[in-house]
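To keep things clear, I will list the structure first and then write my remarks on it.
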Ligand SMILES: Nc1nc(=O)c2c([nH]1)NC[C@@H]1CN(c3ccc(C(=O)N[C@@H](CCC(=O)O)C(=O)O)cc3)C=[N+]21
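Numbering (our numbering), first residue to last: -14 to 285.
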């Protein structure tokens, strides 16, 4: 009987957070306590909950936070102001703008206001550009989580065919570029699929490694993958269900059916999600260390 490897994110997240704690201790010894500024412009339950979780995590490890929450009906100018305030606040080391933003705001105008030195998500054009150029200042939390899962479970990327389903600037574009880069965690042949892709199944079947970040429950069924594929399901979709919370969390992959075909697969929840959160903290520590000139273990 072939065993499918479960690509669990939680134990890896604990390891990342252990290092973060060590490095926060080092920063404290130098009189530095990082502050994360966050911006949210959504009243979607999942978006608010992700933001709450980030702040809880920061509180738990002693990272200060400044939180700007806006209503999706607020003006674009109110958003630019909120970003500008955190960008120019000397107490704020790290800045995180949660996406998606409402359609009536110019995302480019928001990106332009994020100082590269405070950027933990490659949200500013300069930090995303550096990543694409092969010289990243930071690696965004979700792509970092995907690469960590692959390397920790010895899923080789070099020379292998990776199919990414989704084309977001926050996740898929940086991830595809990192997988494409020369060197460890890279050297892959990368195909990026999206809503206009013809015959998605024909593409996903070519994958040695399939990464889904489309936000569409049950998009990928067992007929769409080849035996032995390593599946990293990034999406954490809430679907209505007869549970206490009124919903359950599922990825883009039909887990029950695909699991029996795959060689390795992430659980949802408990896969990429917890590790993403840990890398938010990792990046807060790294940008703070860089700004203050303190050497930390995993620093830049
Ligand atoms: N600029 C930006 N960067 C992001 O990385 C980003 C974003 N915007 N917007 C919103 C989405 C959502 N997201 C999640 C991260 C972790 C969990 C997570 O930890 N999920 C747990 C379960 C959570 C639960 O139980 O509700 C898990 O997968 O095990 C969920 C969702 C990051 N996002």
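Virtual Cβ for every residue (Gly too), placed ideally from N, Cα, C.
If I follow the unbroken alpha helix (DSSP H) through residue i, where does it start and stop?
| i | result |
| --- | --- |
| residue 222 | No alpha helix (DSSP H) contains residue 222, which is instead part of the beta strand (DSSP E) from 222 to 225. |
| residue 189 | 185 to 189 |
| residue 192 | Looking at the DSSP string, residue 192 is not in any alpha helix (DSSP H), and its letter there is neither H nor E. |
| residue 45 | 30 to 46 |
| residue 136 | 126 to 137 |
| residue 71 | 61 to 73 |
| residue 243 | 240 to 244 |
| residue 158 | 157 to 165 |
May I ask you to report which of helix, strand or coil DSSP gives residue i?
| i | result |
| --- | --- |
| residue 178 | strand |
| residue 233 | strand |
| residue 210 | coil |
| residue 285 | The pLDDT assigned to residue 285 is 48, lower than 50, so where the model puts this residue is not dependable, and the model offers no usable value. |
| residue 117 | helix |
| residue 267 | helix |
| residue 14 | helix |
| residue 88 | coil |
| residue 204 | coil |
Compute the beta-carbon to beta-carbon distance between residue i and residue j, rounded to the nearest angstrom, for a pair I have assumed lies under 8 Å.
| i | j | result |
| --- | --- | --- |
| residue 270 | residue 19 | 6 Å |
| residue 103 | residue 67 | About 14 Å; that fails the 8 Å criterion. |
| residue 196 | residue 147 | 7 Å |
| residue 257 | residue 127 | 7 Å |
| residue 204 | residue 237 | 4 Å |
Taking Cβ positions, are residue i and residue j nearer each other than 8 Å?
| i | j | result |
| --- | --- | --- |
| residue 40 | residue 49 | no |
| residue 163 | residue 170 | yes |
| residue 55 | residue 26 | yes |
| residue 79 | residue 9 | no |
| residue 198 | residue 156 | yes |
Could you say which of the options lies nearest to residue i if we only look at CA atoms?
| i | options | result |
| --- | --- | --- |
| residue 99 | 14, 273 and 110 | 110 |
| residue 143 | 5, 135 and 125 | 135 |
| residue 230 | 12, 13, 272 and 30 | 30 |
| residue -9 | 265, 139, 28 and 175 | 139 |
| residue 225 | 219, 218 and 234 | 234 |
| residue 87 | -5, 59 and 247 | 59 |
| residue 174 | 149, 155 and 250 | 149 |
Which residues bound the beta strand (DSSP E) around residue i?
| i | result |
| --- | --- |
| residue 82 | 79 to 82 |
| residue 55 | 49 to 55 |
| residue 217 | 215 to 218 |
| residue 150 | 146 to 150 |
| residue 21 | 20 to 26 |
At least one CB of chain C closer than 8 Å to the CB of residue i: is that the case?
| i | result |
| --- | --- |
| residue 124 | The chain inventory of the structure shown lacks chain C, comprising one protein chain alone. |
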